[in-house]
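The structure appears below as structure tokens.
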Amino acid sequence: EAEEVASRQKRDVGAEPASVEAGEEQEEPSQEKPGDIDGDGIPDHEDDDKDGDGVPDHKDDDIDGDGIPNEQDNDIDGDGIPNDQDDDIDGDGIPNEKDNDIDGDGIPNDEDEDIDGDGIPNDEDADLDGDGIPNKDDDDIDGDGVSNEDDADIDGDGVPNESDEDIDGDGIKNEQDDDIDGDGVANEQDNDIDGDGEPNEADKDIDGDGVLNHDDVDIDGDGIPNERDHDVDGDGMPNEEEPKSLDIDGDGIPNDDDSDIDGDLKPNEVDDDMDGDGIPNVHDRDVDGDGVPNIHDEDSL
9 EAEEVASRQK
19 RDVGAEPASV
29 EAGEEQEEPS
39 QEKPGDIDGD
49 GIPDHEDDDK
59 DGDGVPDHKD
69 DDIDGDGIPN
79 EQDNDIDGDG
89 IPNDQDDDID
99 GDGIPNEKDN
109 DIDGDGIPND
119 EDEDIDGDGI
129 PNDEDADLDG
139 DGIPNKDDDD
149 IDGDGVSNED
159 DADIDGDGVP
169 NESDEDIDGD
179 GIKNEQDDDI
189 DGDGVANEQD
199 NDIDGDGEPN
209 EADKDIDGDG
219 VLNHDDVDID
229 GDGIPNERDH
239 DVDGDGMPNE
249 EEPKSLDIDG
259 DGIPNDDDSD
269 IDGDLKPNEV
279 DDDMDGDGIP
289 NVHDRDVDGD
299 GVPNIHDEDS
309 L
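Counting in the working numbering, the sequence shown runs from 9 upward without gaps.
This is the structure in structure tokens:
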């Protein structure tokens, strides 16, 4: 019987790995520890040189040392999580929303022309912060942890919205942009054109340019001066079709109570085109733009 056991053991050699008895440790091939790319004993999220190439990560164009430049690498920090699903793209231990340098290139987000390090300039990038959510659907375009409506700098370029010629950072100036705040809703259909969380009718600065509506020569920020704009408040409804109960210039004051209906900074009584429809009062059959012809309108001048 002993000979039979010995013979069976010899046959088993090389056929299948021998089982490991309880208490024994099976020797494995040498591997790098998870989360320590260069095996230096320093976890990647604490390692300033993850790949151990002697180049600090913030100066390294290939942080994880995989031979793929960061801007072409779908997993910059080499943690196995694609950038668009990674809440810490550069693997520095700081969540993207709290990281002032999301891609770890040493350039602060508000100075970085490519915040997420994907090789696409911010003004051409449909997903500015690289979180996998298109800008038009993203309630935090720049990934700073502050929702767009509460963010004083929606695109994270370091320029406050009220001073920013391109609020959503899409490369199109506000006055030419049919979606100023980049929320995917066209201005004329958007109840909050500048994306500041205040509905247009209650917003004292509809286009978010820092100039209050009553002082703004272009209330809706479309590049057309109020006096020549057939839709002063940018709500998609021509001035002449704005009902009397509504608000042509979007200043929060109903037309019938507004001393400057079209918001051109000229009081109605001295304005030669009171409703801002492009037709001089002397030729306008509906001077106040309320939809009621002058001959039937007791409120017209």
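The C-beta atom is built at its ideal place from N, Cα and C for all residues, glycine as well. Since the structure is predicted, the reported quantities are computational estimates derived from the model, not experimental observations.
Query - Contact belief for D44 with P51 at Cβ below 8 Å, rounded distance in angstroms - result: The residue given as residue 44 occupies position 36 in the sequence shown. The residue given as residue 51 occupies position 43 in the sequence shown. Sure, about 6 Å apart at Cβ, within 8 Å.
Query raised in the report: Rounded to a whole number of angstroms, what is the C-alpha to C-alpha distance between P91 and D83?
Result: Working through the sequence shown from its first residue, we reach residue 91 at position 83. Working through the sequence shown from its first residue, we reach residue 83 at position 75. The residue asked about is misnamed: residue 91 is Asn in this sequence, not Pro. So the two alpha carbons sit approximately 5 Å from each other.
Report task. Indicate the three-state DSSP secondary structure (helix, strand or coil) for R236 in the structure shown. Result -> By 1-based counting over the sequence shown, the position of residue 236 is 228. In this structure, R236 counts as helix in the three-state DSSP scheme.
Query raised in the report: Helix or strand or just coil, what does DSSP make of A210?
Result: Position 202 of the sequence shown, counting from 1, holds the residue named residue 210. Looking at A210 - three-state DSSP - the assignment turns out to be helix.
Requested in this report: Let me know the secondary structure DSSP gives I269 once reduced to three states.
Outcome: To locate residue 269, count along the sequence shown from 1; it is residue 261. In this structure, I269 counts as coil in the three-state DSSP scheme.
Query - the segment 213–220 contacting the segment 264–279, beta-carbon criterion three pairs below 8 Å - result: no
Requested in this report: Work out the CA separation of D186 and E40 for me, nearest whole Å.
Outcome: Translated into positions along the sequence shown, residue 40 becomes position 32. Translated into positions along the sequence shown, residue 186 becomes position 178. Confidence at E40 is low in this model, with a pLDDT of 42, below 50, so its placement is unreliable and no value can be given for it.
Query raised in the report: In whole angstroms, what is the alpha-carbon distance linking S38 and I175?
Result: One-based indexing of the sequence shown puts residue 38 at position 30. One-based indexing of the sequence shown puts residue 175 at position 167. Residue confidence is low: S38 scores 38 on pLDDT, short of 50, so the model does not pin down where it sits. Its coordinate-derived value is still stated next. Cα to Cα, the separation comes out at about 52 Å.
Query raised in the report: Rounded to whole angstroms, how far is the Cβ of D122 from the Cβ of N169, which I believe are closer than 8 Å?
Result: Numbered from 1 along the sequence shown, position 114 holds the residue referred to as residue 122. Numbered from 1 along the sequence shown, position 161 holds the residue referred to as residue 169. Actually they do not touch by this definition, with Cβ atoms about 21 Å apart.
Query raised in the report: To which residues of the same chain is M245 closer than 7 Å at the C-beta, ignoring the five residues directly before and after it?
Result: Here residue 245 is taken as the residue at index 237 of the sequence shown, counted from 1. Correct list, in chain order: D239.
Report task. Quick one: residues in its chain with C-beta nearer than 6 Å to the C-beta of E35, no 5 flanking neighbours on either side, listed in chain order? Result -> For the purposes of this step, residue 35 is identified with residue 27 of the sequence shown, where counting begins at 1. With a pLDDT of only 44 at E35, under 50, the local geometry of the prediction cannot be trusted, and the value read off the model is given with reservation. So the list is empty, once near-sequence residues are dropped.
Query - When N208, D133, D98 are compared against D163, the one with the closest alpha-carbon - result: As a working note, residue 163 is residue 155 in the sequence shown. That would be D133, whose Cα lies nearest to the Cα of D163.
Query raised in the report: Between D237 and D257, is the Cβ-Cβ spacing less than 7 Å?
Result: Counting from one through the sequence shown, the residue named residue 237 turns up at place 229. Counting from one through the sequence shown, the residue named residue 257 turns up at place 249. Contact: no.
Requested in this report: For my contact list, D65 and G112 are in at a C-beta cut-off of 8 Å; report their separation, rounded to the angstrom.
Outcome: By one-based count along the sequence shown, residue 65 stands at place 57. By one-based count along the sequence shown, residue 112 stands at place 104. Yes, D65 and G112 are in contact; Cβ-Cβ is about 6 Å, under 8 Å.
Query raised in the report: Considering only C-alpha positions, which residue in the set D259, E235, P116, K144 is nearest to N289?
Result: Position 281 of the sequence shown, counted from the start, is the residue given in the question as residue 289. Looking at the Cα atoms, E235 is the closest of the given residues.
Requested in this report: Give the DSSP-derived three-state secondary structure of N199 in the structure shown.
Outcome: Here residue 199 refers to the residue found at position 191 of the sequence shown. Three-state DSSP puts N199 in coil, outside helix and strand.
Query raised in the report: Using the rule of at least 16 other Cβ atoms within 10 Å of the residue's Cβ for burial, across every protein chain shown, is E248 buried or exposed?
Result: As a working mapping, residue 248 is identified with position 240 in the sequence shown. Per the 10 Å Cβ criterion, buried.
Query raised in the report: How many Å lie between D279 and D124 at the Cα?
Result: Position 271 of the sequence shown holds residue 279. Position 116 of the sequence shown holds residue 124. Computed Cα separation, rounded: 51 Å.
Query raised in the report: Alpha carbon to alpha carbon, what distance is there between D204 and D272?
Result: Here residue 272 refers to the residue found at position 264 when the sequence shown is read from its first residue. Here residue 204 refers to the residue found at position 196 when the sequence shown is read from its first residue. The alpha-carbon atoms of D272 and D204 are separated by roughly 23 Å.
Query raised in the report: With distances taken from CA atoms, which of R293, E173, D59 is nearest G229?
Result: What you label residue 229 is simply residue 221 of the sequence shown in a count that begins at 1. Nearest C-alpha to G229: E173.
Query - Beta-carbon spacing of D313, G86 below 7 Å - result: There is no way to answer for residue 313, as the model of the chain reaches only from 9 to 309.
Query raised in the report: Are the CB atoms of N195 and P207 nearer to each other than 7 Å?
Result: By one-based count along the sequence shown, residue 195 stands at place 187. By one-based count along the sequence shown, residue 207 stands at place 199. In this structure, P207 does not lie closer than 7 Å to N195 by Cβ.
Report task. Can you have a look at D296 and say buried or exposed, based on whether 16 or more other CB atoms are within 10 angstroms of its CB? Result -> Within the sequence shown, the letter at position 288 stands for residue 296. Buried, because 16 or more other Cβ atoms sit within 10 Å of the Cβ of D296.
Query raised in the report: By DSSP, does E121 sit in helix, in strand, or in coil?
Result: Translated into positions along the sequence shown, residue 121 becomes position 113. It is coil, neither helix nor strand.
Report task. Report buried or exposed for I303, applying the criterion of at least 16 other Cβ atoms within 10 angstroms of its Cβ. Result -> On the sequence shown, residue 303 is found 295 positions in, with the first residue counted as 1. Counting Cβ neighbours within 10 Å, I303 comes out exposed, since fewer than 16 surround it.
Query raised in the report: Roughly how many whole angstroms lie between the Cα atoms of Q197 and G114?
Result: Start at 1 with the first residue of the sequence shown, and residue 197 comes out as number 189. Start at 1 with the first residue of the sequence shown, and residue 114 comes out as number 106. Approximately 40 Å between the Cα atoms of the pair.
Report task. Specify the secondary structure class of D92 as computed by DSSP and reduced to three states. Result -> The sequence position of residue 92 within the sequence shown is 84, counting from 1. Looking at D92 - three-state DSSP - the assignment turns out to be helix.
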